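So the protein lines, in turn, are chains Z and X.
Just so you know, we're using the numbering used here here: the first sequence kicks off at 1063 and counts up by one.
Just so you know, we're using the numbering used here here: the second sequence kicks off at 1063 and counts up by one.
Even for Gly, the Cβ is constructed at its ideal location relative to N, Cα and C.
A quick note: this is a predicted structure, and the numbers were derived from the prediction, not measured.
Report on one structure; see the data block that follows.
Number of protein chains: 2
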Amino acid sequence: MKISTKGRYALRVMVDLATTDPENYISIKNIANRQKISDKYLEQIISSLNKAGLVKSTRGALGGYKLTKAPKDYTVGMILRSIEGSLAPVSCLDDEENQCPRCSDCVSLYVWEKIYEAVNNVVDTITLQDIIDNSKLR
Amino acid sequence: MKISTKGRYALRVMVDLATTDPENYISIKNIANRQKISDKYLEQIISSLNKAGLVKSTRGALGGYKLTKAPKDYTVGMILRSIEGSLAPVSCLDDEENQCPRCSDCVSLYVWEKIYEAVNNVVDTITLQDIIDNSKLR
DNA sequence: TCAATAACCTACCAAAATAGTATGCTATAA
DNA sequence: TTATAGCATACTATTTTGGTAGGTTATTGA
């Protein structure tokens, strides 16, 4: 039941982009140095964020990434799912194809659904802005 | 963010013990056949449940396992944790030793804590009896 | 008391996932 | 036109997951 490092890094990258200099493009190297993450590994992560439309990029000198929206318009769920896929505790809940043969008479399914709902409820109600506001309190 | 097969099997085993014949000891082979799980794999799982005191055993002919308590006295959390360990989404929340160096100024920690709380709240309020009752409705 | 049964214990193993590297190509701005 | 920085693909080492295998110990019924 763990969030991968990719998911954790993704959230930190989004906070970084939102707080460091939201107006200008910031390079991977820049973020990687500040966040102490391998830049090649970060490249993979931010590429997923880019493909999901959560950030936009320009190449070349002075290139880099910036947010496409205001921090209040990103939920934690949007960010984590773009990296981790579904946050379901069992793959039966992911999509129709991954269902196990006994899904129809699975006594535990009801438990997994409740966990799924609870997790979704948390990640879909906390925004990037909430994280930033919360971190400033300390 | 997935529950392992061990965790899922453990829950099914507990339901099996509670519903098949709660008075008598039931052998691993018996459970494994009914639940279509490898008996050697099941042995590992049920051994953890035994060490955690969730079931008790006797050896020899007519030996096997039975519950130590009434189904209403087990929460899903007790069962899953005995197999999976903590259900925390990040290891920082597990125990003091696993903390990452930047835990003290981690902006995301507040998110992980909320997820942790939400998951705990679900698994600690659903009992084994609830699962059994729910499965009978269908 | 002895043979069958079934838990107990330890070790091993293959496949998949995770976390991260390496290399080369393409677009852009100074 | 060159330095910069994103883009794409492939590779690799480590850890976790999901099992197997084999021998030992305890119990019970005949």
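{"Query": "Ranges of the beta strand (DSSP E) found wholly within the stretch 1101-1170 of chain X, counting only runs of at least 3", "Result": "1117-1120, 1126-1129"}
{"Query": "Isoleucine 1088 (chain X) (DSSP reduced to helix, strand or coil)", "Result": "strand"}
{"Query": "Within-8 Å CB hit, valine 1152 (chain Z) to chain X", "Result": "yes"}
{"Query": "Cα-Cα separation, methionine 1146 (chain Z) to leucine 1129 (chain X)", "Result": "Reading off the sequence shown, one finds glutamate at residue 1146 (chain Z), where the question assumed methionine. Computed Cα separation, rounded: 37 Å."}
{"Query": "Span of the alpha helix (DSSP H) around leucine 1073 (chain X)", "Result": "1067-1082"}
{"Query": "Residues bridged to threonine 1189 (chain Z) [DSSP beta-bridge criterion]", "Result": "Z:Thr1137"}
{"Query": "Coil, strand or helix - lysine 1176 (chain X) by DSSP", "Result": "helix"}
{"Query": "Nearest residue (CA-CA) to glycine 1125 (chain Z), options Z:Asn1092, Z:Leu1190, Z:Thr1067", "Result": "Z:Asn1092"}
{"Query": "Neighbourhood of leucine 1073 (chain Z) by C-beta, 8 Å cutoff - its chain only, sequence neighbours within 5 removed", "Result": "Val1138, Ile1141, Leu1142, Ile1193"}
{"Query": "Rounded separation between tyrosine 1172 (chain X) and serine 1166 (chain X) - CA only", "Result": "11 Å"}
{"Query": "Candidates X:Asn1086, X:Ile1177, X:Ile1108: closest to alanine 1094 (chain X) by CA position", "Result": "X:Ile1108"}
{"Query": "Coil, strand or helix - lysine 1198 (chain Z) by DSSP", "Result": "helix"}
{"Query": "Test: isoleucine 1088 (chain X) CB closer than 8 Å to a CB of chain Z", "Result": "no"}
{"Query": "Buried or exposed (CB count within 10 angstroms, at least 16 for buried), proline 1084 (chain X)", "Result": "exposed"}
{"Query": "Alpha-carbon to alpha-carbon, threonine 1187 (chain Z) and tyrosine 1087 (chain Z)", "Result": "28 Å"}
{"Query": "Distance, leucine 1149 (chain Z) Cα to serine 1110 (chain X) Cα", "Result": "27 Å"}
{"Query": "Candidates Z:Tyr1071, Z:Ser1170, Z:Ile1065, Z:Leu1199: closest to glycine 1069 (chain X) by CA position", "Result": "Z:Ser1170"}
{"Query": "Candidates Z:Ser1153, Z:Ile1090, Z:Ile1099, Z:Leu1199, of which the one nearest lysine 1118 (chain Z) by Cα", "Result": "Z:Ile1090"}
{"Query": "Cut-off 8 Å between Cβ atoms - residues of its own chain near tyrosine 1178 (chain X), not counting five sequence neighbours on either side", "Result": "Leu1149, Ala1150, Pro1151, Leu1155"}
{"Query": "Through-space distance from glutamate 1105 (chain Z) to lysine 1064 (chain X), alpha-carbon basis", "Result": "25 Å"}
{"Query": "Below-8 Å beta-carbon distance, leucine 1155 (chain Z) vs any chain X residue", "Result": "no"}
{"Query": "Length of the line joining the Cα atoms of lysine 1198 (chain X) and valine 1184 (chain X)", "Result": "20 Å"}
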